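**Q** Here you go, one structure.
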Amino acid sequence: MTALNTAAYKPLTQQNCYRAHIFESIPTGLIALDSDGNIVSFNPTAEKITGLAAEDVLGQTFDGVFKADSFQNPALNIKDILNTKETTEIKTKMMPANQRNHLHLNVAISPLTSVSDGKIGTVLSMTDITRVQNLELQAKRTGRLAAMGEMAARIAHEIRNPLGSIELFSTMLIADLQEFEELKALAEHISAGVKSINNIVSNLLLFMRPDQQLDEQVLDIHEALKDSLFFARHLLDAQDGIEVQTELAAETLFIKGDLELLKQVFLNLILNAIQAMPDGGRLQISSHNTSGLQSAPWAEVHLVDNGCGIAKADLPKIFDPFHTTRKKGTGLGLTIVHNIIKMHGGSIDITSSAEGTKCVVFLPVWAGSPNG
Ligand SMILES: Nc1ncnc2c1ncn2[C@@H]1O[C@H](COP(=O)(O)OP(=O)(O)OP(=O)(O)O)[C@@H](O)[C@H]1O
Ligand SMILES: [Mg+2]
Numbered sequence: 037m038t039a040l041n042t043a044a045y046k047p048l049t050q051q052n053c054y055r056a057h058i059f060e061s062i063p064t065g066l067i068a069l070d071s072d073g074n075i076v077s078f079n080p081t082a083e084k085i086t087g088l089a090a091e092d093v094l095g096q097t098f099d100g101v102f103k104a105d106s107f108q109n110p111a112l113n114i115k116d117i118l119n120t121k122e123t124t125e126i127k128t129k130m131m132p133a134n135q136r137n138h139l140h141l142n143v144a145i146s147p148l149t150s151v152s153d154g155k156i157g158t159v160l161s162m163t164d165i166t167r168v169q170n171l172e173l174q175a176k177r178t179g180r181l182a183a184m185g186e187m188a189a190r191i192a193h194e195i196r197n198p199l200g201s202i203e204l205f206s207t208m209l210i211a212d213l214q215e216f217e218e219l220k221a222l223a224e225h226i227s228a229g230v231k232s233i234n235n236i237v238s239n240l241l242l243f244m245r246p247d248q249q250l251d252e253q254v255l256d257i258h259e260a261l262k263d264s265l266f267f268a269r270h271l272l273d274a275q276d277g278i279e280v281q282t283e284l285a286a287e288t289l290f291i292k293g294d295l296e297l298l299k300q301v302f303l304n305l306i307l308n309a310i311q312a313m314p315d316g317g318r319l320q321i322s323s324h325n326t327s328g329l330q331s332a333p334w335a336e337v338h339l340v341d342n343g344c345g346i347a348k349a350d351l352p353k354i355f356d357p358f359h360t361t362r363k364k365g366t367g368l369g370l371t372i373v374h375n376i377i378k379m380h381g382g383s384i385d386i387t388s389s390a391e392g393t394k395c396v397v398f399l400p401v402w403a404g405s406p407n408g
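Going by the working numbering, the first residue of the sequence shown is number 37, and it counts up by one from there.
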């Protein structure tokens, strides 16, 4: 038996033996000291917590084994320990022998008394509360993050209102400045900038509230596509040399969905294509109805650019929140695109090479009447 100093105990009667088993098995680290501060008992859990073997510490003084810096809490000094008159509980941190991480401990220091001799020493019982402490920390951090998210969402919401006015006035300015090319170009830059901010703020709001309800209606997917292109027009005008070719299916392509969210999908994909072609390029947008080709018909929208392409190593990460290779990117665009399309029962496929990037959006075609 490693833990009991038999000199301090009576010969092993059946009852003593039973107590010894308890002492050995209890999941609390027990260290008993005599009145001079010598370690007289050291159970297996104390060995596990401290990383020290009982045979190496039994008979040694407590302050010889545990140096002043072993515990973070100064209350664990030998003088206070030996003077303990009633149970005191303290929380402390200790670095176990041969370990690199601190343990958080709850240590109860109690006087060890004998019926005949009164106080004969002190017993320290240690519980490892590292896991509980870490969970508490995590809960606090999560709470703080939730509060920050809530605040960010509120700020984003407030920013959108004045942005709407700036956007409206810059559009009016552009209309009034038709005959003044240079001034009109400046106003277009204002409008493009505001639209970029608006997109970032909308993405942020959508990211903060991913479980929002869809405001669904039966709509022609071309409606969402054309609105997004109209919205991106000034961004396209503000960037030189980008040619947009559209080839939309002749017939209407009805789907059931949330128009505002679908506009956000196409706008993000168009913006990504524009941003991938800083020196100009071509963006081809086409729509297709696969009815008749498959049992479950899809409305497909293809966006093909001949921009910088996505590096092979980055491709698996593009839908991850905050993954971005752009200096001013937030990395939320494709996360939101993916989430919105999923909410609509669709999917998105992105392939890329050094020649450019192809995004294909699949949405289920609405099989009912156009009025829903
Ligand atoms: N058409 C594209 N061509 C080249 N790279 C692309 C294209 N679309 C996406 N990417 C890559 O995927 C990354 C993630 O895109 P995502 O739209 O999620 O974020 P972002 O555009 O960087 O920032 P933002 O949140 O402003 O949209 C981009 O940073 C870019 O590296
Ligand atoms: Mg983007």
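Ideal placement from N, C-alpha and C gives every residue a C-beta, glycine not left out. Computed from a predicted structure; not experimentally measured.
Under the three-state reduction of DSSP, which class applies to Cys53: helix, strand or coil?
**A** DSSP places Cys53 in helix when its eight states are reduced to three.
**Q** Around the Cβ of Thr371, are there at least 16 other Cβ atoms within 10 angstroms (buried) or fewer (exposed)?
**A** Buried.
**Q** With distances taken from each beta carbon to the nearest heavy atom of ligand 4, which residues come in below 5 Å, in chain order?
**A** Among the ligands modelled here, namely ligand 1 and ligand 2, ligand 4 does not occur.
**Q** Helix, strand or coil for His270, going by three-state DSSP, please let me know.
**A** Three-state result, His270: helix.
**Q** Under a three-way DSSP split, which group does Gln320 fall into?
**A** Strand at Gln320.
**Q** Excluding the five sequence neighbours on either side, which residues of its own chain have a C-beta within less than 8 Å of the C-beta of Leu240, listed in chain order?
**A** These residues qualify, in order along the chain: Ala188, Ala189, Ala192, Thr366 and Leu368.
**Q** With Gln135 as the anchor, note down where its alpha helix (DSSP H) starts and where it stops.
**A** Gln135 -> no alpha helix (DSSP H), and no H or E assigned at all.
**Q** Where Thr42 and Arg55 are concerned, what is the direct C-alpha to C-alpha distance, given to the nearest angstrom?
**A** Reliability of the predicted coordinates at Thr42 is poor, the pLDDT of 44 falling under 50, and the value obtained from them is presented with this limitation in mind. The alpha-carbon atoms of Thr42 and Arg55 are separated by roughly 13 Å.
**Q** Jot down the residue ranges of each uninterrupted alpha helix (DSSP H) in the region 348 to 406, minimum 4 residues, whole runs only, in chain order.
**A** Counting only runs of 4 or more, we get 369 to 379.
**Q** Please report the straight-line C-alpha distance between Val301 and Leu209, rounded to a whole angstrom.
**A** Rounded to whole angstroms, Val301 to Leu209 spans 28 Å at the Cα level.
**Q** Here's a check: name, in chain order, each residue in its chain whose Cβ is nearer than 6 Å to the Cβ of Glu279, leaving out the five neighbours to either side.
**A** Correct list, in chain order: Arg318.
**Q** Distance check for Glu283 and Leu204, CA to CA, integer angstroms please.
**A** Cα-Cα distance, rounded: 29 Å.
**Q** Give me, in chain order, the residues of the same chain whose beta-carbon lies closer than 6 Å to that of Ser383; leave out the 5 immediate sequence neighbours on both sides.
**A** The residues are Phe398.
**Q** Which two residues bound the contiguous alpha helix (DSSP H) that contains Gly229?
**A** Its alpha helix (DSSP H) spans residues Glu217 to Met244.
**Q** For Gly404, which residues of its own chain have a beta-carbon under 6 Å away from its beta-carbon, when the five flanking residues on both sides are left out?
**A** Within the same chain, Gly404 has no close Cβ partners at all.
**Q** So what does DSSP say about Phe102, is it helix, strand or coil?
**A** Phe102: coil per DSSP, three-state reduction.
**Q** Kindly indicate the opening and closing residues of the alpha helix (DSSP H) around Ile67.
**A** Where Ile67 is concerned, there is no enclosing alpha helix (DSSP H), although the beta strand (DSSP E) it sits in stretches over Gly65 to Asp70.
**Q** Where do the N-terminal and C-terminal ends of the beta strand (DSSP E) with Leu339 fall, by residue?
**A** Here the beta strand (DSSP E) through Leu339 covers Trp334 to Asp341.
**Q** Sort out for me which residues DSSP pairs Ser146 with in a bridge.
**A** According to DSSP, which records beta bridges pairwise, Ser146 is partnered with Val159.
**Q** Alpha carbon to alpha carbon, how far is Ala228 from Pro132?
**A** Computed Cα separation, rounded: 59 Å.
**Q** Terminal residues of the continuous beta strand (DSSP E) containing Met130?
**A** Thr124 to Met130 is the extent of the beta strand (DSSP E) around Met130.
**Q** Between which two residues does the alpha helix (DSSP H) carrying Asp116 extend?
**A** Counting along the chain, the alpha helix (DSSP H) containing Asp116 begins and ends at Ile114 to Leu118.
**Q** Report the three-state DSSP secondary structure of Thr288 (helix, strand or coil).
**A** In this structure, Thr288 counts as coil in the three-state DSSP scheme.
**Q** According to DSSP, is Asn325 helix, strand or coil?
**A** Of the three classes helix, strand and coil, the one that applies to Asn325 here is strand, per DSSP.
**Q** Which class does Gln281 belong to by DSSP, given the choice of helix, strand or coil?
**A** Three-state DSSP puts Gln281 in a strand.
**Q** Report yes if the C-beta distance between Leu250 and Asp294 is below 7 Å; otherwise report no.
**A** Taking 7 Å as the Cβ cut-off, Leu250 and Asp294 qualify as a contacting pair.
**Q** Can you give me the start and stop residues for the alpha helix (DSSP H) that Gln174 sits inside?
**A** Here the alpha helix (DSSP H) through Gln174 covers Thr166 to Asp212.
**Q** Quick check: what's the CA-CA separation for Ala347 versus Ala390?
**A** Their Cα atoms are separated by approximately 8 Å.
**Q** Evaluate contact between the region 132 to 148 and the region 90 to 102, counting only Cβ atoms and requiring at least three cross-stretch pairs below 8 Å.
**A** Result no; under three Cβ-Cβ pairs closer than 8 Å.
**Q** Whose C-alpha, out of Leu160, Ile165 and Asn235, is nearest the C-alpha of Lys299?
**A** When only C-alpha atoms are compared, the closest one is Asn235.
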